[in-house]
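Numbering (the working numbering), first residue to last: -7 to 139.
Backbone N, C-alpha and C fix where the C-beta goes; we use that ideal spot for every residue, glycine too.
Fair warning: this is a prediction, and the values are worked out from it, not measured in the lab.
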């Protein structure tokens, strides 16, 4: 199993970050990596996402909501080629700090027979994409673009 993990501290309460993170209709306003998400945030529901990497055409991916703890975290599961070759579970986690800020953890676990082979060439691109997403979310919330 391979994991890519990034995180960033956002100077806002967890509830506020949650509201922005789960407003899929507005992801295009702040998210350079995943500008489109459609569907309902309910366990087992289908979410259609669009991933954009620099210099590449947009990639549509069908995912399923795998976990949901309102106000805290959610995840979705997507397959690469087929679930037996490689599957990714993307986690979005919010951890409150005593000072009122929130740690946003953005991570993905990859599993399957070919996961290491398929993920290795794009690992750097994914890590950088997650970092850009984190920084954009932080800026969007802290500079008041969202509210």
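- Counting only unbroken stretches of 3 or more residues, the beta strand (DSSP E) elements lying wholly within the region -5 to 58 are 28 to 30 and 38 to 43, in sequence order.
- Cβ contact annotation for residue 6 (same chain, cutoff 6 Å, sequence separation greater than five): 86, 88 and 94, in chain order.
- Distance from residue -1 to residue 83 at the Cβ level is roughly 11 Å; contact not present, criterion being Cβ atoms closer than 8 Å.
- Close CB contacts of residue 135 within its chain, under the 6 Å cut and outside five residues either way in sequence, are absent.
- Each residue's CA atom was taken as its position, placing residue 44 and residue 34 some 24 Å apart.
- Looking at the backbone, the Cα of residue 51 and that of residue 62 are separated by about 28 Å.
- A Cβ-Cβ distance of about 4 Å is found for the pair residue 22 and residue 132, placing them in contact under the 8 Å criterion.
- For the 8 Å CB-CB criterion, residue 101 and residue 114 do not form a contact.
- The alpha carbon of residue 56 has as its nearest neighbour, out of 120, 19 and 38, the alpha carbon of 38.
- Residue environment for residue -7: exposed (fewer than 16 other C-beta atoms within 10 angstroms of its C-beta).
- Per DSSP, residue 99 is not a residue of any alpha helix (DSSP H); the beta strand (DSSP E) it occupies stretches across 94 to 103.
- Here residue 3 is exposed: its Cβ has fewer than 16 other Cβ atoms, across all protein chains shown, within 10 Å.
- Here the alpha carbons of residue 14 and residue 64 stand approximately 11 Å from one another.
- Burial of residue 25 is indicated by the presence of at least 16 other C-beta atoms within 10 angstroms of its C-beta.
- With distances taken between CA atoms, residue 36 lies nearest to 66 out of -5, 66, 78 and 79.
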